[in-house]
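**Student:** Starting off with a structure, shown below.
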Amino acid sequence: MEKPIITFARWGNYTVAFKTLFEELGLKVIPPEKTTSQTIAEGAKIAPEMFCFPLKVTLGNYLPALRKGANTIFMVQNVGGSCRQRYYGVIQEKMLKENGWKINFVDFRATPKDIYSKIKEISGASFWQIIRAARFFFKKLRLVEKIEKMAQYLRPREVEKGETDRVLQWCFSEVERMNREKDFPKLKKEVFKRLAEIKVDKDKDLPRVALIGEIYTVCDPTINFEVEKKLGNEEIEIHREMDITYQIKKLIFPWKDWIIQRKINPYLKSTVGGHGRDAIYEMLHYIKKDFDGIIHLLPFGCMPEITVRPILEKIHQESGIPFLSLSLDEQVAEVGIDTRLEAFIDVVENYHNKKHEDILRH
Amino acid sequence: MTIGIPRALIYWKRPYFWESFFENLGFEVLLSPKTNKEIVEMGVKVADPETCFSNKVYFGHLIWLDGLQPAHHPPASAGPKCDLIFVPRLKAVDEHSFISHPRSARVTEGKLEYCPKFFGLPDLSKILVKTPILTETFDERKEKFEKTLARLGKKLKKRIKEVEEATKKAFSKEKEIKEKEEQDFLEKIKSQKPKIVLISHPYNLYDEYVNLRIKEKLEKLGAESIFIDEVPISINQPPQHKSASNIKFHWEFGKEIMEKIETILNHDIAGAIQISSFACGCDAVLKEFVEREFKQNKIPFLYLMIDEQTGEAGLQTRLEAFIDTLK
Numbered sequence: 026m027e028k029p030i031i032t033f034a035r036w037g038n039y040t041v042a043f044k045t046l047f048e049e050l051g052l053k054v055i056p057p058e059k060t061t062s063q064t065i066a067e068g069a070k071i072a073p074e075m076f077c078f079p080l081k082v083t084l085g086n087y088l089p090a091l092r093k094g095a096n097t098i099f100m101v102q103n104v105g106g107s108c109r110q111r112y113y114g115v116i117q118e119k120m121l122k123e124n125g126w127k128i129n130f131v132d133f134r135a136t137p138k139d140i141y142s143k144i145k146e147i148s149g150a151s152f153w154q155i156i157r158a159a160r161f162f163f164k165k166l167r168l169v170e171k172i173e174k175m176a177q178y179l180r181p182r183e184v185e186k187g188e189t190d191r192v193l194q195w196c197f198s199e200v201e202r203m204n205r206e207k208d209f210p211k212l213k214k215e216v217f218k219r220l221a222e223i224k225v226d227k228d229k230d231l232p233r234v235a236l237i238g239e240i241y242t243v244c245d246p247t248i249n250f251e252v253e254k255k256l257g258n259e260e261i262e263i264h265r266e267m268d269i270t271y272q273i274k275k276l277i278f279p280w281k282d283w284i285i286q287r288k289i290n291p292y293l294k295s296t297v298g299g300h301g302r303d304a305i306y307e308m309l310h311y312i313k314k315d316f317d318g319i320i321h322l323l324p325f326g327c328m329p330e331i332t333v334r335p336i337l338e339k340i341h342q343e344s345g346i347p348f349l350s351l352s353l354d355e356q357v358a359e360v361g362i363d364t365r366l367e368a369f370i371d372v373v374e375n376y377h378n379k380k381h382e383d384i385l386r387h
Numbered sequence: 013m014t015i016g017i018p019r020a021l022i023y024w025k026r027p028y029f030w031e032s033f034f035e036n037l038g039f040e041v042l043l044s045p046k047t048n049k050e051i052v053e054m055g056v057k058v059a060d061p062e063t064c065f066s067n068k069v070y071f072g073h074l075i076w077l078d079g080l081q082p083a084h085h086p087p088a089s090a091g092p093k094c095d096l097i098f099v100p101r102l103k104a105v106d107e108h109s110f111i112s113h114p115r116s117a118r119v120t121e122g123k124l125e126y127c128p129k130f131f132g133l134p135d136l137s138k139i140l141v142k143t144p145i146l147t148e149t150f151d152e153r154k155e156k157f158e159k160t161l162a163r164l165g166k167k168l169k170k171r172i173k174e175v176e177e178a179t180k181k182a183f184s185k186e187k188e189i190k191e192k193e194e195q196d197f198l199e200k201i202k203s204q205k206p207k208i209v210l211i212s213h214p215y216n217l218y219d220e221y222v223n224l225r226i227k228e229k230l231e232k233l234g235a236e237s238i239f240i241d242e243v244p245i246s247i248n249q250p251p252q253h254k255s256a257s258n259i260k261f262h263w264e265f266g267k268e269i270m271e272k273i274e275t276i277l278n279h280d281i282a283g284a285i286q287i288s289s290f291a292c293g294c295d296a297v298l299k300e301f302v303e304r305e306f307k308q309n310k311i312p313f314l315y316l317m318i319d320e321q322t323g324e325a326g327l328q329t330r331l332e333a334f335i336d337t338l339k
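Here it is as structure tokens:
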């Protein structure tokens with residue numbers, strides 16, 4: 026067999042970490058193309074019409090990489106439990122092969138054992154090499170997630186507009202370029218130094234909005250039209266709990282799911298697959314923390330999120346917290362999303378100010 | 013006491029069983045009427061706009077049972093029609109139990125799941141209607157079907173003996189109907205007319221309003237229609253057509269439909285039609301493999317999507333064109 030050249034499903038800013046993982050294993054990697062309206066259109070063209078959005082997006086991301094010579098695709102199965110994500114691998118393989126691509130499709134289950142054996146099979150790396158690669162992968166992943174979290178805090182408070190995003194861009198490109206684990210502590214220090222240098226107004230009282238919903242759309246700024254950035258620039262602090270570490274923790278430790286189920290019992294007494302339960306849990310959690318708004322993101326037709334949406338709406342009616350549900354697919358235009366976000370921002374600010382006045386009055 | 017059962021969606025997974033079960037326990041059972049325009053409209057109004065058409069229809073039936081009539085009706089007809097509405101939470105099934113005929117029951121370890129949209133049905137129903145919801149979780153990975161029924165009976169303050177008796181009677185009635193269906197199938201398969209297989213979920217096949225009387229239409233066009241649901245899975249007759257796809261579904265209906273397609277391919281079939289409700293997530297997966305199966309065997313295949321806006325005239329044209337391609 027010819028030498029495997031790897032590409033994989035793109036996932037927001039975390040893509041760099043996955044790239045490092047495969048490179049550390051001694052494999053040649055062509056990273057998937059950054060998501061643009063063009064890649065989305067290309068993916069949607071060959072994907073089944075009624076399938077959910079992330080399948081079309083990731084399919085569109087593979088194609089340019091395949092044209093550049095990639096011949097092996099990594100795709101994870103069943104991260105979503107009962108939902109359709111389980112069949113992404115089989116469907117994507119079928120679609121690509123029907124369109125004439127000769128590829129090796131590695132469809133692995135999200136269990137440590139399966140991941141290990143599949144990686145071993147493809148790369149032939151030794152046990153220690155895999156452990157080292159995984160360690161480096163987690164280091165990078167944590168750093169990217171930390172940068173994202175800090176940006177959520179810094180962006181609405183920055184004195185000079187746009188500075189956070191400039192620094193952020195630099196950070197991500199440096200993290201991507203750095204390829205020796207030895208250099209990692211130095212880079213980490215440098216990144217945090219740069220972020221700390223951003224001038225911020227710490228005393229600002231800002232409304233806080235939480236992002237909940239389907240993990241892929243929540244985490245990938247290129248899919249959700251940079252909701253985090255847009256709201257940040259309008260001086261709203263964004264919070265979100267979903268990221269890859271959250272997902273990995275949930276896979277390893279089952280009790281997170283038990284806690285979630287106990288908390289949401291009055292609303293939903295069962296799993297509905299995917300991150301349906303998490304959405305309800307997070308919404309209740311953020312209401313308790315006195316947030317000023319909730320944005321629910323989902324791909325069009327996402328089965329778990331659609332099932333829980335009436336429940337989220339009920340919680341919204343009971344608590345009065347501003348709530349916006351955005352379902353995304355290849356036909357959604359950015360302008361439409363912008364208009365809805367603008368209206369939502371007004372509602373959030375009113376809600377925040379009114380709460381403030383009530384406190385002052387008492 | 014009256015127990016209401018919506019005649020949609022999960023009802024069709026086990027038709028006759030539930031009403032027989034509750035009647036044997038000494039309750040009155042109120043089935044919602046066959047789907048009609050009003051029910052669909054009510055369902056579309058209350059359901060999430062992105063949920064599948066079948067779910068919308070189900071919610072319409074729920075609202076009907078709840079007694080909330082649309083505004084243009086006289087208020088006299090309003091008011092609760094039943095004391096409880098039965099909405100089971102179907103989660104997982106034993107692989108062999110969907111084939112209720114004992115001869116063909118195969119004992120395997122695999123447990124198959126229902127559509128994830130069924131998991132949340134009781135909770136969503138509670139939001140929609142005022143009538144109390146009677147529910148129980150049917151998860152055969154954790155507990156046998158009969159045991160869950162016993163728990164359900166306990167909720168209704170019935171003794172275990174009574175529940176067992178009612179279960180037995182309901183099972184035997186279901187078996188009777190299945191056997192008759194099998195007889196019908198054997199007769200149909202001998203027919204000289206061109207035979208067309210209709211592939212879909214039972215709630216699309218048996219609900220005539222939802223599928224726009226497709227069976228009747230096909231018969232008028234001179235074809236014999238066979239529901240995939242009626243096809244028995246026989247172990248005596250090993251399939252001659254080896255399935256091309258290596259897909260393993262974790263969905264109960266996915267596996268069932270793929271196996272039944274393999275059986276039906278042993279017979280002389282003129283064409284196949286798959287019906288799927290708009291925005292059905294599971295069918296998006298299923299369709300790819302069903303289509304491949306028929307295309308490989310060079311059998312004409314038609315894919316129909318149904319929703320609240322599907323028109324009869326459009327369907328008629330498509331069916332006529334499809335029948336023409338068979339000749």
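As you go down the protein sequences, you meet chains A and B in turn.
The numbering of the first sequence is my numbering, which starts it at 26 and goes up by one.
The numbering of the second sequence is my numbering, which starts it at 13 and goes up by one.
A virtual CB, placed ideally from N, CA and C, is assigned to each residue, including glycine.
Can you grab the Cα-Cα spacing for the pair His341 (chain A) / Asp135 (chain B), in whole Å?
**Tutor:** Locating residue 341 (chain A) in the first sequence gives position 316, counting from the first residue. Locating residue 135 (chain B) in the second sequence gives position 123, counting from the first residue. Roughly 16 Å separates the two Cα atoms.
**Student:** Run down chain C in chain order and give the residues with a C-beta less than 8 Å from the C-beta of Lys294 (chain A).
**Tutor:** The displayed structure is made up of protein chains A and B, and chain C is not among them.
**Student:** Under the rule that 16 or more other beta-carbon atoms within 10 Å means buried, what is Gly187 (chain A), buried or exposed?
**Tutor:** Numbered from 1 along the first sequence, position 162 holds the residue referred to as residue 187 (chain A). The residue in question, Gly187 (chain A), is exposed, as its Cβ has fewer than 16 Cβ neighbours within 10 Å.
**Student:** At which residue ranges does the segment 128 to 203 of chain A contain complete alpha helix (DSSP H) runs of 4 or more residues, listed in the order of the chain?
**Tutor:** Within the segment 128 to 203 of chain A, the complete alpha helix (DSSP H) runs of at least 4 residues are 137 to 148, 152 to 179 and 188 to 202.
**Student:** Return the residue from the list A:Glu215, A:Glu355 and A:Val41 that minimises the CA-CA distance to Ile248 (chain A).
**Tutor:** The sequence position of residue 248 (chain A) within the first sequence is 223, counting from 1. For Ile248 (chain A), the nearest C-alpha among the options comes from A:Glu355.
**Student:** Who are the Cβ neighbours of Glu58 (chain A) in its own chain at under 7 Å, not counting the five residues just before and after it?
**Tutor:** Here residue 58 (chain A) is taken as the residue at index 33 of the first sequence, counted from 1. Counting only Cβ-Cβ distances below 7 Å, and skipping sequence neighbours, we find Thr64, Asn86, Pro89 and Ala90.
**Student:** If you count every other CB in all the chains shown that lies within 10 Å of the CB of Met308 (chain A), and 16 or more means buried, which is it?
**Tutor:** The count along the first sequence starts at 1 and reaches residue 308 (chain A) at position 283. Under this definition Met308 (chain A) is a buried residue.
**Student:** Would Ala284 (chain B) count as contacting chain A if we go by Cβ distances under 8 Å?
**Tutor:** As a working note, residue 284 (chain B) is residue 272 in the second sequence. Not an interface residue.
**Student:** Any idea what DSSP makes of Gln102 (chain A), helix, strand or coil?
**Tutor:** Against the first sequence, residue 102 (chain A) aligns to sequence position 77. DSSP places Gln102 (chain A) in strand when its eight states are reduced to three.
**Student:** What does the alpha-carbon distance come out to for the pair Ile30 (chain A) and Leu220 (chain A)?
**Tutor:** Working through the first sequence from its first residue, we reach residue 30 (chain A) at position 5. Working through the first sequence from its first residue, we reach residue 220 (chain A) at position 195. Spanning the two alpha carbons is a distance of roughly 35 Å.
**Student:** By how many angstroms is the C-alpha of Lys227 (chain B) removed from the C-alpha of Glu194 (chain B)?
**Tutor:** Indexing the second sequence from 1 puts residue 194 (chain B) at position 182. Indexing the second sequence from 1 puts residue 227 (chain B) at position 215. Looking at the two C-alpha atoms, the distance is approximately 18 Å.
**Student:** Identify each residue in the segment 109 to 120 of chain A for which the Cβ-Cβ distance to at least one residue of chain B is less than 8 Å, and report them in chain order.
**Tutor:** Under the 8 Å Cβ criterion, the segment 109 to 120 of chain A contributes Arg109, Arg111, Tyr112, Val115, Ile116 and Lys119.
**Student:** Would you list, in chain order, the members of the segment 85 to 103 of chain A that have their beta-carbon closer than 8 Å to a beta-carbon of chain B?
**Tutor:** From the segment 85 to 103 of chain A, no residue has a Cβ closer than 8 Å to chain B.
**Student:** Indicate the three-state DSSP secondary structure (helix, strand or coil) for Pro29 (chain A) in the structure shown.
**Tutor:** By one-based count along the first sequence, residue 29 (chain A) stands at place 4. DSSP places Pro29 (chain A) in coil when its eight states are reduced to three.
**Student:** Would you say Arg334 (chain A) lies against chain B (beta-carbon separation less than 8 Å)?
**Tutor:** Locating residue 334 (chain A) in the first sequence gives position 309, counting from the first residue. Closer than 8 Å: yes.
**Student:** So is Met308 (chain A) in contact with chain B if we call contact Cβ pairs under 8 Å?
**Tutor:** Position 283 of the first sequence, counted from the first residue, corresponds to residue 308 (chain A). With 8 Å as the cut-off, Met308 (chain A) does not count as an interface residue toward chain B.
**Student:** Determine, for Asp196 (chain B), whether the minimum Cβ-Cβ distance to residues of chain A falls below 8 Å.
**Tutor:** Against the second sequence, residue 196 (chain B) aligns to sequence position 184. By this cut-off, Asp196 (chain B) is not an interface position.
**Student:** Show which residues of chain B have a CB atom less than 8 Å away from the CB atom of Gly298 (chain A).
**Tutor:** Counting from one through the first sequence, the residue named residue 298 (chain A) turns up at place 273. Neighbours of Gly298 (chain A) on chain B, chain order: Pro128 and Phe131.
**Student:** Is the segment 68 to 85 of chain A close to the segment 241 to 260 of chain A, with three or more CB pairs under 8 Å?
**Tutor:** Touching, per the Cβ criterion.
**Student:** For Thr275 (chain B), which of B:Val209, B:Lys156 and B:Ile139 has the nearest alpha-carbon?
**Tutor:** As a working mapping, residue 275 (chain B) is identified with position 263 in the second sequence. The shortest Cα separation from Thr275 (chain B) among B:Val209, B:Lys156 and B:Ile139 belongs to B:Val209.
**Student:** Taking Cβ-Cβ distances shorter than 7 Å, what residues in chain B pair up with Ile331 (chain A)?
**Tutor:** Numbered from 1 along the first sequence, position 306 holds the residue referred to as residue 331 (chain A). Near Ile331 (chain A) (Cβ distances below 7 Å), the residues of chain B are Asp60, Glu62 and Thr63.
**Student:** Do we get a CB-CB distance below 8 Å when we pair Ser344 (chain A) with the residues of chain B?
**Tutor:** Stepping through the first sequence from its first residue, residue 344 (chain A) is reached at position 319. Output row for Ser344 (chain A): interface = no.
**Student:** So for Lys44 (chain A), helix, strand or coil by DSSP?
**Tutor:** As a first step, residue 44 (chain A) must be located in the first sequence, where it is residue number 19. Three-state result, Lys44 (chain A): helix.
**Student:** With Ile336 (chain A) and Ile305 (chain A) assumed to form a contact (beta carbons below 8 Å), what rounded beta-carbon distance in angstroms separates them?
**Tutor:** Within the first sequence, residue 336 (chain A) is the residue found at index 311, counting from 1. Within the first sequence, residue 305 (chain A) is the residue found at index 280, counting from 1. About 6 Å separates the two Cβ atoms, so the contact holds.
**Student:** Taking the alpha-carbon positions, what's the Phe65 (chain B) to Ala59 (chain B) distance?
**Tutor:** Working through the second sequence from its first residue, we reach residue 65 (chain B) at position 53. Working through the second sequence from its first residue, we reach residue 59 (chain B) at position 47. Answer to the nearest angstrom: the Cα atoms are 9 Å apart.
**Student:** Taking C-beta to C-beta, are Ile269 (chain B) and Ile240 (chain B) nearer than 8 Å?
**Tutor:** Locating residue 269 (chain B) in the second sequence gives position 257, where the first residue counts as 1. Locating residue 240 (chain B) in the second sequence gives position 228, where the first residue counts as 1. Yes, Cβ-Cβ distance for Ile269 (chain B) and Ile240 (chain B) is below 8 Å.
**Student:** As an exercise, report each continuous alpha helix (DSSP H) stretch of at least 4 residues that is fully enclosed by the segment 180 to 237 of chain B, in chain order.
**Tutor:** Correct list: 214 to 217 and 226 to 232.
**Student:** Would you kindly work out how many angstroms separate the C-alpha atoms of Pro73 (chain A) and Ala296 (chain B), rounded to a whole number?
**Tutor:** As a position in the first sequence, residue 73 (chain A) is number 48, starting the count at 1. As a position in the second sequence, residue 296 (chain B) is number 284, starting the count at 1. Approximately 7 Å between the Cα atoms of the pair.
**Student:** For Arg302 (chain A), I'd like the list of residues in its chain whose CB is within less than 7 Å of its CB, leaving aside the five on either flank, ordered along the chain.
**Tutor:** Stepping through the first sequence from its first residue, residue 302 (chain A) is reached at position 277. So the list reads Ile285, Gln286, Ile289, Leu293 and Thr296, once near-sequence residues are dropped.
**Student:** Using 8 Å as the limit for Cβ to Cβ distance, is Ala34 (chain A) near chain B?
**Tutor:** Position 9 of the first sequence, counted from the start, is the residue given in the question as residue 34 (chain A). No - not a single Cβ of chain B is within 8 Å of the one on Ala34 (chain A).
**Student:** By alpha-carbon positions, which one of B:Val141, B:Leu102, B:Glu191 and B:Lys180 ends up nearest to Leu77 (chain B)?
**Tutor:** Along the second sequence, one-based indexing puts residue 77 (chain B) at 65. The residue with the shortest Cα to Cα distance from Leu77 (chain B) is B:Val141.
**Student:** Have a look at Val389 (chain A) and Trp153 (chain A) and give me their C-alpha separation to the nearest angstrom.
**Tutor:** Only positions 26 to 387 of chain A appear in this structure, which leaves residue 389 (chain A) out of reach.
**Student:** Please list the partners that Phe250 (chain A) has in chain B, where partner means a Cβ-to-Cβ separation under 7 Å.
**Tutor:** Against the first sequence, residue 250 (chain A) aligns to sequence position 225. Neighbours of Phe250 (chain A) on chain B: none; closest Cβ ~19 Å, over 7 Å.
**Student:** Could I get the ranges of all uninterrupted alpha helix (DSSP H) runs contained in the segment 20 to 73 of chain B, with 4 residues as the minimum, in chain order?
**Tutor:** List check, alpha helix (DSSP H) in window: 29 to 36 and 49 to 58.
**Student:** Along chain A, which residues have their Cβ under 7 Å away from the Cβ of Ile318 (chain B)?
**Tutor:** Residue 318 (chain B) sits at position 306 when you count from the first residue of the second sequence. What Ile318 (chain B) touches in chain A: nothing, since even the nearest Cβ is about 13 Å away.
**Student:** With a threshold of 16 other CB atoms inside 10 Å of the CB of Tyr126 (chain B), please say whether the residue is buried or exposed.
**Tutor:** By one-based count along the second sequence, residue 126 (chain B) stands at place 114. Counting Cβ neighbours within 10 Å, Tyr126 (chain B) comes out buried, since at least 16 surround it.
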